[in-house]
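>
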Amino acid sequence: MHCLMRNNTKHLLNWSKHLSRQCTSKAIISEPKEKLLYNDMLQRRQQQATRSIVVQVQSEKSFPELYNYCASFGKILSAHHYRIHQDDDQHYILLEFGSAEEASAAISSSAYNDELSGVPAHSPFLWFRATSSIRTLKAADQTTEAKLAVIGGTTMLDNNDLNDVLCEASNLDQQIFHLHQKTQLNDLGVRLRFLAALQVKQAVSGIFPNANAQPFGSSVNGFGRMGCDLDLILRFDREIVGAAAMQKRNNESRLVFHTKENLTNGRSQTQRQMESLGDMLHLFLPGVCHVRRILQARVPIIKYHHEHLNLEVDLSMSNLTGFYMSELLYMFGEFDERVRPLTFCIRRWAQTCGLTNPSPGRWISNFSLTCLVIFFLQQMKQPILPTINALMKSASPDDIRLTEDGINCSFGRDFERISFRSRNTAKSSELLLQFFEFYSQFDFHNRAISLNEGRSISKPDHSALYIVNPLEQVLNVSKNVSLEECERLRIEVRNAAWVLESEVENPSQPDNGTQSPWGILHLFKTNEKAVIRPHMFFKPRMVEVSDLFDDSTTDTPPTPVDYKNANVKREVESIKSQARGDLKQMRINTSSAAAAAAAEANATIIKTAKGRRGR
Numbered sequence: 031m032h033c034l035m036r037n038n039t040k041h042l043l044n045w046s047k048h049l050s051r052q053c054t055s056k057a058i059i060s061e062p063k064e065k066l067l068y069n070d071m072l073q074r075r076q077q078q079a080t081r082s083i084v085v086q087v088q089s090e091k092s093f094p095e096l097y098n099y100c101a102s103f104g105k106i107l108s109a110h111h112y113r114i115h116q117d118d119d120q121h122y123i124l125l126e127f128g129s130a131e132e133a134s135a136a137i138s139s140s141a142y143n144d145e146l147s148g149v150p151a152h153s154p155f156l157w158f159r160a161t162s163s164i165r166t167l168k169a170a171d172q173t174t175e176a177k178l179a180v181i182g183g184t185t186m187l188d189n190n191d192l193n194d195v196l197c198e199a200s201n202l203d204q205q206i207f208h209l210h211q212k213t214q215l216n217d218l219g220v221r222l223r224f225l226a227a228l229q230v231k232q233a234v235s236g237i238f239p240n241a242n243a244q245p246f247g248s249s250v251n252g253f254g255r256m257g258c259d260l261d262l263i264l265r266f267d268r269e270i271v272g273a274a275a276m277q278k279r280n281n282e283s284r285l286v287f288h289t290k291e292n293l294t295n296g297r298s299q300t301q302r303q304m305e306s307l308g309d310m311l312h313l314f315l316p317g318v319c320h321v322r323r324i325l326q327a328r329v330p331i332i333k334y335h336h337e338h339l340n341l342e343v344d345l346s347m348s349n350l351t352g353f354y355m356s357e358l359l360y361m362f363g364e365f366d367e368r369v370r371p372l373t374f375c376i377r378r379w380a381q382t383c384g385l386t387n388p389s390p391g392r393w394i395s396n397f398s399l400t401c402l403v404i405f406f407l408q409q410m411k412q413p414i415l416p417t418i419n420a421l422m423k424s425a426s427p428d429d430i431r432l433t434e435d436g437i438n439c440s441f442g443r444d445f446e447r448i449s450f451r452s453r454n455t456a457k458s459s460e461l462l463l464q465f466f467e468f469y470s471q472f473d474f475h476n477r478a479i480s481l482n483e484g485r486s487i488s489k490p491d492h493s494a495l496y497i498v499n500p501l502e503q504v505l506n507v508s509k510n511v512s513l514e515e516c517e518r519l520r521i522e523v524r525n526a527a528w529v530l531e532s533e534v535e536n537p538s539q540p541d542n543g544t545q546s547p548w549g550i551l552h553l554f555k556t557n558e559k560a561v562i563r564p565h566m567f568f569k570p571r572m573v574e575v576s577d578l579f580d581d582s583t584t585d586t587p588p589t590p591v592d593y594k595n596a597n598v599k600r601e602v603e604s605i606k607s608q609a610r611g612d613l614k615q616m617r618i619n620t621s622s623a624a625a626a627a628a629a630e631a632n633a634t635i636i637k638t639a640k641g642r643r644g645r
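Under our numbering, the first residue of the sequence shown carries the number 31, and numbering increases by one thereafter.
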């Protein structure tokens, strides 16, 4: 610990020189991209989904024939192929038409499968039926210049291939950049998730024309990786965003809908609605299977699997704070291009060293890790990200958002109005080392992390790790983290800092042409001999509890206990003496009770026998 705290300035200086030496090619310079507002991004993706269909085909070789057939309905803007690995590989092609009307024409022309006894339902999920060999040959003869934008678009890069890509990078910053580019949720993954949302919306739009199903969470906030689950929120009564303007317009009408009154409380009504919704999803929607209703949770959800997308979906109706939290994370990722690559690298490190776990439990979550990264970037002398309080102060009347529970989710959403500009020019690799050094010295025992204020505050309770929920500030987003896991986090960030510092003292980048791991790849493998385990930091017990009692099951004489404190020895002898007296008294009481019970039983038997002889 003292080694880390000394000469931090010297380490950072050496680190900068090291990066300069390692940079054998031009640095990655990207044009500053336009910051797209969250609502505009959602609207573009939703419109894109209305112009798209997904068609199951024999293989990617079926694309020319499929293209020639579907081109009769309208202009095809793009085509994307993906496969789902099951018992047999299943191939799909996503087609994006020039307009929603053209996609609707393709869906409306589709036929129902007479071979199945299922309920016919309109859906953007179709399959391409084989035709006669003569017609197939004629279709194959038609040439087309269209090409698939991607083949196998949802296939994740395996660890070996990813390591090869990272080994070929010329410096640490390129490694971090490539790690983000190769593992983030790609364009096709986002398209498929918005199609899943559109399917749910269309399923209920007949009776609820204002219903809206929108993705939130990692699928849209820019921090999602390939294969991440889809979080959906469904609202029957109004749009999730822009509700105030629509309500104001509708209030001017003199015609009012009759409404069925809810006779129960809001939570019970939501649970009943979701139960019925789960039945509809299970019975009628193509591709939906394995529907599970988790209605007693704090936020009731319906979980299901979509077999045409190979996607796990969590559907809720009341998680508005989660929706607005996704918007907040999206904005943080848009403020600076270093935020997301840095977060991906830290998440990858946490996964490889076992800090995170796909199953819920006492481990730190990816969301909590992201909060740690954001807080670190807020508290710097030259902040890279603004505080949430600063965003709230820049909110306009159009930015006001209140949930049904009265939670204030208002913050500035216009980047130009916020006008935050960071002067920090540190490279991603420098920020990575500073992140590990910062949290290796952070006082998790007494201090809590507040993204709202951008500084640490006193802990409100005795949770092992306390991260203030940015929108519901009375809650702790890391309340589930155990004391042992918090200690492991502190140890692992210290180990990671040592690994990166060793790169400064002993650079391990190989010569060109070799594939030996180097750079951040050393963070992604565990050296058991070098890792410090949590039990090394806990004080050893002065005496084991098991040593206080005699083990009567073994014939070997008990090993005498070596007490390090005379007072403890006297206390132990007193406890053992008292325990022996209590055990002796218990045996006496037990024997007396057993004798009394036996005497009473004998008396009852004798009395019964006399009664029978009398009769």
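Even glycine gets a Cβ: it sits at the ideal position worked out from N, Cα and C.
Taking contact to mean at least 3 C-beta pairs separated by less than 8 Å, is the region 389 to 397 in contact with the region 467 to 474?
no
> Does DSSP put TRP528 in a helix, in a strand, or in coil?
Position 498 of the sequence shown holds residue 528. Three-state result, TRP528: helix.
> Check whether the Cβ atoms of CYS401 and LEU481 lie closer than 9 Å to each other.
On the sequence shown, position 371 is the one that residue 401 refers to. On the sequence shown, position 451 is the one that residue 481 refers to. Yes; because the gap between Cβ atoms is below 9 Å, this pair is in contact.
> My output table needs one value for ARG477: the three-state DSSP class, helix, strand or coil.
The count along the sequence shown starts at 1 and reaches residue 477 at position 447. Strand, per DSSP.
> Assuming LEU260 and LEU341 make a contact with CB atoms under 8 Å, what is their CB distance in whole Å?
Counted from its first residue, the sequence shown places residue 260 at position 230. Counted from its first residue, the sequence shown places residue 341 at position 311. The Cβ separation is near 6 Å, so the contact holds.
> Give me the Cα-Cα distance between VAL321 and LEU339, rounded to the nearest whole angstrom.
Indexing the sequence shown from 1 puts residue 321 at position 291. Indexing the sequence shown from 1 puts residue 339 at position 309. C-alpha separation (whole angstroms): 15 Å.
> Report yes if the CB atom of LEU202 is closer than 9 Å to the CB atom of SER458, and no otherwise.
Within the sequence shown, the letter at position 172 stands for residue 202. Within the sequence shown, the letter at position 428 stands for residue 458. Against a cut-off of 9 Å, the Cβ pair of SER458 and LEU202 comes out as a contact.
> For the region 111 to 125 against the region 341 to 351, are there 3 or more C-beta pairs whose distance is under 8 Å?
no
> Could you tell me the boundaries of the beta strand (DSSP E) in which ALA226 lies?
Here the question's residue 226 lines up with position 196 in the sequence shown. Judged by DSSP secondary structure, ALA226 falls outside any beta strand (DSSP E) and instead within the alpha helix (DSSP H) spanning 217 to 234.
> Since ASP261 sits in a beta bridge, which residues does DSSP pair it with?
Locating residue 261 in the sequence shown gives position 231, counting from the first residue. Answer by DSSP bridge pairing, in chain order: PHE246, ASP344.
> With 16 as the cutoff for other CB atoms within 10 Å, does ALA237 come out buried or exposed?
On the sequence shown, residue 237 is found 207 positions in, with the first residue counted as 1. The residue you asked about is not Ala; residue 237 is Ile in the sequence shown. ILE237 should be labelled exposed.
> For the region 451 to 502, list the alpha helix (DSSP H) runs that are entirely contained and at least 4 residues long, ordered along the chain.
Segments of the alpha helix (DSSP H) lying fully in the region 451 to 502: 458 to 470.
> Residue ranges of each beta strand (DSSP E) run of no fewer than 3 residues wholly in the region 112 to 157, ordered along the chain?
If we require 3 residues or more, the beta strand (DSSP E) runs fully inside the region 112 to 157 come out as 120 to 127, 155 to 157.
> Check for me: the alpha helix (DSSP H) holding ILE331 runs from which residue to which?
Looking up residue 331 in the sequence shown gives position 301. Unbroken run through ILE331 is the beta strand (DSSP E), 331 to 336; no alpha helix (DSSP H).
> Could you say which of SER147, ASN143, SER153, GLU145 lies nearest to ALA135 if we only look at CA atoms?
Along the sequence shown, one-based indexing puts residue 135 at 105. Checked all of SER147, ASN143, SER153, GLU145; the closest Cα to ALA135 is SER153.
> Please determine, among GLY484, ARG485, GLU483, LYS489, the residue with the shortest C-alpha to C-alpha distance to ARG477.
As a position in the sequence shown, residue 477 is number 447, starting the count at 1. Taking only the C-alpha atoms, the option nearest ARG477 is LYS489.
> How many angstroms separate the CA atom of GLY252 from the CA atom of GLU145?
Looking up residue 252 in the sequence shown gives position 222. Looking up residue 145 in the sequence shown gives position 115. Counting only the Cα atoms, GLU145 lies some 42 Å from GLY252.
> Let's test the definition: count the other Cβ atoms within 10 Å of the Cβ of ALA560 and tell me whether it reaches 16, buried, or not, exposed.
In the sequence shown, counting from the first residue as 1, residue 560 sits at position 530. Unreliable placement is indicated for ALA560, whose pLDDT of 38 sits below 50; no coordinate value is reported for it.
> If contact is defined by three or more beta carbon pairs under 8 Å, each pair taking one atom from either stretch, is the region 177 to 184 in contact with the region 105 to 122?
yes
> Quick check on the DSSP output: the beta strand (DSSP E) that includes ILE324 runs from which residue to which?
Within the sequence shown, the letter at position 294 stands for residue 324. Run containing ILE324: 318 to 324, per the beta strand (DSSP E) assignment.
> Report the three-state DSSP secondary structure of ARG392 (helix, strand or coil).
Translated into positions along the sequence shown, residue 392 becomes position 362. Of the three classes helix, strand and coil, the one that applies to ARG392 here is coil, per DSSP.
> Taking three-plus beta-carbon pairs below 8 Å as touching, is the region 525 to 533 in contact with the region 424 to 436?
no
> State the Cα-Cα distance for the pair ILE562 and ILE521, rounded to the nearest angstrom.
Position 532 of the sequence shown, counted from the first residue, corresponds to residue 562. Position 491 of the sequence shown, counted from the first residue, corresponds to residue 521. Annotation note: pLDDT 45 at ILE562 (below 50); position unreliable, coordinate value reported separately. Put simply, the backbone Cα of ILE562 is about 7 Å away from that of ILE521.
> Please classify PRO316 as buried or exposed, where buried requires at least 16 neighbouring CB atoms within 10 angstroms.
Reading the sequence shown from its first residue, position 286 is the one you call residue 316. Buried is the call here.
> Per DSSP, which one or two residues make a beta bridge with ARG255?
Translated into positions along the sequence shown, residue 255 becomes position 225. According to DSSP, which records beta bridges pairwise, ARG255 is partnered with GLN214.
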